[in-house]
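*Asks:* Numbering (the working numbering), first residue to last: 1 to 293. For each residue, glycine too, the CB sits at the ideal point set by N, CA and C. I have a structure I would like to understand better, so I am pasting it below and will then ask my questions one at a time.
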């Protein structure tokens, strides 16, 4: 095949993908939707394909190659970095499909570009990044937004096709939307630290005052005060770990697997919040009622 000169792309739409959850069936449905749009792009490509003086055999071979090139290939990587690549049916019906997906990637132009150095008139690229932030790493800055590479990028000469792919993908993602995006935004940790973390650390130091006084009763006031300061900062680090733990079990883009243990972790987090912060809120309400009445 010989690439004809094409005009500069007239339309490009892209969007990061965040705060959604997908199962294996959801991913397959999304891929099949995108394949339908690729079939339309294939028809458009063939309609505009006009090589110079082709033989009937060569023309038929080129058309067959174009149709095959628009058969999208899916790359799925598991959390252990095992990778499976192929057509939609090959990937999702494979016994090697990972139980826990790390990324899913589709580039509709890859086959045509790699095999024939052909740039299609209309194309898209989709990346779903299901990675979770690292746990128990105190060097990570919790105040930063949770890093995630998930995005959809659609380009083409046909603005109707571009808008259609982008719009239907956005609608599909919206149906799987969660309400956890705010939790992963920039500076959310700083806000929670100010409103909850510091009062909680101060409250823990107050609740431990009897124990600290008994342990360090024979020592100087400086040692006792140092124990309060150490406990205060220890509780701030515990709050950071709890915040990072919550981000880990509620990832910004989640793959829902039947073998995932995330429900157990969510149960543990819920018990911790109820047991610790429930008592904390109860004491605050008692103090507030005393001040008011």
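Is it true that the stretch 157–171 meets the stretch 220–239, where meeting means three or more beta-carbon pairs spaced less than 8 Å apart?
*Replies:* Too few Cβ pairs lie closer than 8 Å, so no.
*Asks:* Opposite residue 11 in the DSSP bridges: which residues?
*Replies:* Paired residues: 156.
*Asks:* Rounding to the nearest angstrom, what Cα-Cα distance links residue 63 and residue 47 in this structure?
*Replies:* When rounded, the distance between both Cα atoms is 10 Å.
*Asks:* Express the C-alpha separation of residue 130 and residue 20 in angstroms, rounding to a whole number.
*Replies:* The straight-line gap from Cα to Cα measures roughly 10 Å.
*Asks:* From the DSSP secondary-structure annotation, give me the bridge partner or partners of residue 16.
*Replies:* Beta-bridge pairing links residue 16 to 151.
*Asks:* Taking the C-alpha atoms as reference points, what is the distance between residue 280 and residue 199?
*Replies:* Residue 280 and residue 199: Cα-Cα distance of roughly 9 Å.
*Asks:* Should the stretch 185–197 be called in touch with the stretch 235–251, which here means at least 3 C-beta pairs below 8 Å?
*Replies:* As far as the Cβ criterion goes, the stretch 185–197 touches the stretch 235–251, which means the pair count is three or higher.
*Asks:* Identify which residue in 263, 35, 253 and 227 has its Cα closest to the Cα of residue 201.
*Replies:* Residue 201 has its Cα closest to that of 227, out of 263, 35, 253 and 227.
*Asks:* Measuring only the C-alpha atoms, how far is residue 69 from residue 136?
*Replies:* Going by the C-alpha atoms only, they are around 45 Å apart.
*Asks:* Beta-carbon separation of residue 126 and residue 153 under 9 Å?
*Replies:* Closer than 9 Å, so yes.
*Asks:* Please classify residue 244 as buried or exposed, where buried requires at least 16 neighbouring CB atoms within 10 angstroms.
*Replies:* By the 10 Å Cβ count, residue 244 comes out buried.
*Asks:* Under a three-way DSSP split, which group does residue 49 fall into?
*Replies:* Here residue 49 sits in coil by DSSP.
*Asks:* Under the three-state reduction of DSSP, which class applies to residue 88: helix, strand or coil?
*Replies:* The answer is helix: DSSP assigns residue 88 an H, G or I state.
*Asks:* Tell me which same chain residues have a C-beta within less than 6 Å of the C-beta of residue 80, skipping the five on either side of it?
*Replies:* Taken in chain order, the list of residues that qualify is empty.
*Asks:* Evaluate residue 207 with the Cβ neighbour count: other Cβ atoms within 10 Å of its Cβ, from every protein chain shown; 16 or more gives buried, anything less gives exposed.
*Replies:* Residue 207 should be labelled exposed.
*Asks:* Could you tell me the boundaries of the beta strand (DSSP E) in which residue 122 lies?
*Replies:* Where residue 122 is concerned, the enclosing beta strand (DSSP E) stretches over 122–129.
*Asks:* My understanding is that residue 122 touches residue 161, with C-beta atoms under 8 Å, so please give their C-beta distance in whole angstroms.
*Replies:* 5 Å between Cβ atoms; contact.
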